[in-house]
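Notes for the one structure printed next.
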Amino acid sequence: MIYRFTCIICPLGCSIEVEMEGGKIKEIRGHTCPRGEEWVLEELRAPKRIVMTVLPVENSYLPVVSVKTSQPVPREKIPALMRYLSNIKLRAPITMGQVVAEFEGIEIVATRNA
Ligand code: SF4
């Protein structure tokens, strides 16, 4: 079986194919550098993503403020993280880079002032 990925590590976006046989990796092709191979191995074993969203903010000229996780989050934890974030309402003033919440040790950081 062949699995196809688009590498998200740099803007080149190489198309990477992973050929599996009997549950084991037979060949990885299409990556232009070693970082692509490392990334695709992590995608197969334990995919992670930086999560970006907006949270409502009171007492501000903006109705919402953009936030992101300070580190990549295991993909299976993202639904629980989003449920947690859906209950949060921030209050201005908020400074870009400020930790506004924490979920299971993962910091949620504001990406702009409000
Ligand atoms: S394989 Fe290397 S060059 Fe290609 S997109 Fe990934 S990081 Fe960039």
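The numbering of the sequence shown is the working numbering, which starts it at 376 and goes up by one.
Ideal placement from N, C-alpha and C gives every residue a C-beta, glycine not left out.
Own chain, CB closer than 7 angstroms to R421, minus 5 neighbours either side, in chain order: The count along the sequence shown starts at 1 and reaches residue 421 at position 46. With the sequence shown as reference, residue 421 is identified as Ala, and Arg is not the correct amino acid for it. Cβ neighbours of A421 beyond the five flanking positions: P449.
Secondary structure of L465, DSSP reduced to three states: Along the sequence shown, one-based indexing puts residue 465 at 90. Under the three-state reduction of DSSP output, L465 falls in the strand class.
Range covered by the alpha helix (DSSP H) that runs through Y369: Past the boundaries of the shown model lies residue 369; the chain is included only from 376 to 489, so the question cannot be answered.
Rounded separation between S435 and K464 - CA only: For this step, residue 435 is matched to residue 60 along the sequence shown. For this step, residue 464 is matched to residue 89 along the sequence shown. In a straight line, the C-alpha of S435 is about 12 angstroms away from that of K464.
Own chain residues within Cβ distance below 6 angstroms of Y459, not counting five before or after: Mapped onto the sequence shown, residue 459 falls at position 84. Scanning its chain for C-beta atoms nearer than 6 angstroms, with the 5 sequence neighbours on each side dropped, one finds around Y459 the residues F478, in chain order.
Member of T381, A476, A489 and H406 whose CA lies at the smallest distance from the CA of P438: Here residue 438 refers to the residue found at position 63 when the sequence shown is read from its first residue. With distances taken between Cα atoms, P438 lies closest to A489.
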